[in-house]
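Top line first, the protein sequences correspond to chains W and V. For the first sequence, the working numbering begins at 12 and goes up steadily by one. For the second sequence, the working numbering begins at 3 and goes up steadily by one. Don't be surprised by glycine CBs; every beta carbon is placed ideally from N, CA and C. Before any comments, here is the structure.
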Amino acid sequence: DAKTTQPTSMDCAEGRAANLPCNHSTISGNEYVYWYRQIHSQGPQYIIHGLKNNETNEMASLIITEDRKSSTLILPHATLRDTAVYYCIVSVTSGNTPLVFGKGTRLSVIA
Amino acid sequence: NAGVTQTPKFQVLKTGQSMTLQCAQDMNHNSMYWYRQDPGMGLRLIHYSVGEGTTAKGEVPDGYNVSRLNKREFSLRLESAAPSQTSVYFCASRPGTGGYNEQFFGPGTRLTVL
């Protein structure tokens with residue numbers, strides 16, 4: 012699987028949009044971009060995924076550049092409950108392939 | 003649905019003791035995974051299974067054995083615990099068929115080896 016690069020930490024004011032970047036310059040054509048988050052010491056939780064088009068769901072938006080070498084996860088109106096570690100993962104579409112987690116970005120939402 | 007459940011939630015062992023961490027899922031998923039997470043680190047894959055009776059090694063398999071006796075359950079055994087195995091252990095499952103599918107995680111087991 013391709014590796015990803017994320018900033019170690021970020022801060023965001025409550026109510027503002029949180030934009031979390033991820034670089035995945037060696038991504039292959041059949042690899043998706045996944046985002047998970049881990050709140051405190053809980054198990055990671057799925058947020059969103061995409062292949063090459065921008066995606067949006069009730070939690071977040073995912074913007075993938077045209078060359079697919081980077082992406083941005085957007086939390087439109089961050090709340091204190093969004094404070095967590097966010098993981099950007101690239102992986103093939105096979106349902107059996109384990110997800111490989113890096114160290115992620117620690118997002119702190121500040122009141 | 004309970005999702006992915008793990009027992010126990012907490013465990014303290016002495017060096018050399020053995021124990022089995024239990025994981026079960028009620029979502030009829032084919033694939034199951036065991037990860038460990040050390041403080042300040044991401045999750046590292048220990049072993050995984052893509053179906054009943056099959057297992058495979060992950061990134062850090064040494065010191066661990068796994069069993070996938072049926073579709074629901076995937077256990078992780080430490081035969082002779084060492085302080086380096088102090089960690090939080092997460093079990094996860096995934097449908098494992100078709101294209102993309104979401105990976106669901108359990109709440110974790112916090113293990114301390116003295």
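Within the region 30-44 of chain V, the residues whose Cβ lies closer than 7 Å to any Cβ of chain W are, in chain order, Ser33, Tyr35, Met43 and Gly44. Leu45(V) carries a strand assignment under DSSP once its states are collapsed to helix, strand and coil.
Residue pairing by DSSP places Ala89(W) opposite no residue, since no beta bridge is assigned to it. In terms of beta-carbon proximity, Glu104(V) lines the interface with chain W, with at least one pair separated by less than 8 Å. Contact annotation, Ala83(V) with Gln19(V): C-beta distance approximately 5 Å; criterion of less than 8 Å satisfied. Per DSSP, reduced to three states, the secondary structure at Pro10(V) is coil, with no helix or strand assignment. Annotated three-state conformation of Pro85(V) is helix, per DSSP.
Excluding five sequence positions before and after Gly60(V), the CB atoms of its chain that fall closer than 7 Å to its own CB belong to Leu47, Ile48, His49 and Tyr50, given in chain order. At a C-beta separation below 7 Å, Pro109(W) has these neighbours in chain V: Tyr35, Leu47, Tyr50 and Gly60. Not flagged as an interface residue toward chain W: Phe76(V), since no C-beta distance is shorter than 8 Å. Beyond the five residues adjoining it in sequence on each side, Val62(V) comes within less than 8 Å, by CB distance, of Arg38, Arg46, Leu47 and Ile48 in the same chain, given in chain order.
Listed along chain W are Ser52, each with a C-beta nearer than 8 Å to that of Val90(V). Relative to the Cα of Cys25(V), the nearest Cα in the group Ser86(V), Phe107(V) and Gln87(V) belongs to Phe107(V).
Chain V has no Cβ within less than 8 Å of the Cβ of Lys63(W).
DSSP, reduced to helix, strand and coil, places Gly108(V) outside both helices and strands of the structure shown, so it counts as coil. Chain W has no Cβ within less than 8 Å of the Cβ of Pro10(V). Residue state for His60(W) is assigned as strand, using DSSP reduced to three classes.
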